[in-house]
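Notes follow once the structure below has been shown.
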Amino acid sequence: MVIEKKGKNLILSDVSDFNLAQTMECGQCFHFVRLDEDPDDKYSEYEISAYGKYLHIAQENDKFIFFDTSKKDFNDIWKNYFDLDRDYGKIKRYIAKRSPELKDIIKQNRGIRILNQEFFETMMSFIISQNNRIPRIKGIVAAISRKWGRMLTDTMYAFPTPDEFCSACEDDFKDLKTGFRAGYLCDAINKQKSTPGFEKLLRESDISKCSELLCTVKGIGPKVANCIMLFGLGKREAFPIDVWMKRIMEELYFDSEKQSMPVLSELAKEKFGEYGGYAQQYLFAYARENGNNKNNG
Numbered sequence: 536m537v538i539e540k541k542g543k544n545l546i547l548s549d550v551s552d553f554n555l556a557q558t559m560e561c562g563q564c565f566h567f568v569r570l571d572e573d574p575d576d577k578y579s580e581y582e583i584s585a586y587g588k589y590l591h592i593a594q595e596n597d598k599f600i601f602f603d604t605s606k607k608d609f610n611d612i613w614k615n616y617f618d619l620d621r622d623y624g625k626i627k628r629y630i631a632k633r634s635p636e637l638k639d640i641i642k643q644n645r646g647i648r649i650l651n652q653e654f655f656e657t658m659m660s661f662i663i664s665q666n667n668r669i670p671r672i673k674g675i676v677a678a679i680s681r682k683w684g685r686m687l688t689d690t691m692y693a694f695p696t697p698d699e700f701c702s703a704c705e706d707d708f709k710d711l712k713t714g715f716r717a718g719y720l721c722d723a724i725n726k727q728k729s730t731p732g733f734e735k736l737l738r739e740s741d742i743s744k745c746s747e748l749l750c751t752v753k754g755i756g757p758k759v760a761n762c763i764m765l766f767g768l769g770k771r772e773a774f775p776i777d778v779w780m781k782r783i784m785e786e787l788y789f790d791s792e793k794q795s796m797p798v799l800s801e802l803a804k805e806k807f808g809e810y811g812g813y814a815q816q817y818l819f820a821y822a823r824e825n826g827n828n829k830n831n832g
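Last residue of the sequence shown? That's 832 in our numbering, and every number before it is there in order.
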């Protein structure tokens, strides 16, 4: 990885296994705006809000432009956010060996990286994601940020901290089109504020205990808990399974014979182990490209 400072911008090159559009558009993150319309992803450009910061970033071929970004912010925030220190080549070789059925989809989506997102925003976002489509999730996250968060630019706001939600009530969330999820969001805020060291406790717990603790928040079940653990707590063995993931796993590994969620979870654990979350992303891509994932529209 080569980092070069040009004026106020940082230019990143010689980065393997990273594609900006594939990473941002794979359903793991909802607080961004795409600025270009290149269907081939040879050029992609985004505005992103994360960790209370704003990032304007573009990829042109194999170079990444971090606009108006200091080396300190890159090293302190964005290098970890994009998981740039991890060897994804090793991970992809492992998954392809364990599941040859995924070789082609891994090759087609070789630039997906799992983002290291802030826990509280991830928890709130995936509560919103239930029975929801990605454009709508993004719209609600943006609306919540505009209402309670800090302004970062004329169009982008930081996701609110728990304390910034101090005046929020269920009706406020319902006004932002969260529907039945409004009460769940309020409970998540209360849990975060009333449980000292909640995030620390989750990070230090094994995956089973962590899931159990997350599921004490109203509206969080096993699938959402696994998403939060994978994308917001760094537990890369987490393997979210919803109805679409269930179908694609049955198709690939059981000749379309119906299986229970526990059976599929155990298969993922045995087949992929510590790399379960990465494998899930390739399976998600497989489902999307084969028309099995209606939540992507």
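Backbone N, C-alpha and C define an ideal beta-carbon position, used for all residues, glycine too.
Quick caveat, the model's predicted, so the values are computed rather than measured.
If G684 and N554 are in contact, beta carbons under 8 Å, what's the gap, nearest whole angstrom? Actually they do not touch by this definition, with Cβ atoms about 28 Å apart.
Take every Cβ of the stretch 556-571, pair it with every Cβ of the stretch 768-784, and state whether three or more of those distances are shorter than 8 Å. No, they do not touch.
For F655, count the other beta carbons within 10 Å of its own beta carbon; 16 or more makes it buried, fewer makes it exposed. Which is it? buried
Unbroken stretches of the beta strand (DSSP E), 3 residues or longer, contained in the stretch 722-808: Runs of the beta strand (DSSP E) lying entirely within the stretch 722-808, each at least 3 residues long, are absent.
Just to confirm my understanding: we take Y813, look at its own chain, exclude 5 residues before and 5 after, and list those with CB closer than 7 Å. What are they? I626, I630, I649 and R771
Report all residues from its chain with a CB closer than 7 Å to the CB of R633; omit the five preceding and five following residues, and keep chain order. K806 and F807
I649 in three-state terms, based on DSSP: Note: I649 maps to coil in three-state DSSP.
Would you identify the three-state DSSP class for F655, choosing helix, strand or coil? helix
Enumerated in chain order, which unbroken segments of the alpha helix (DSSP H) with a length of 4 residues or greater are wholly contained in the stretch 648-720? 654-663, 669-683 and 705-710
Buried or exposed for C704, please, with buried defined as at least 16 other CB atoms from any protein chain shown within 10 angstroms of its CB. exposed
Would you mind stating whether D738 and I662 have Cβ atoms separated by less than 9 Å? Asp is not the amino acid found at residue 738; the sequence shown has Arg there. No. Outside cutoff.
Check the DSSP bridge columns for L547 and list the partner residues they point to. I538 and F599
For L802, tell me which candidate among Q816, E785, S791 and Y817 has the shortest Cα-Cα distance. E785
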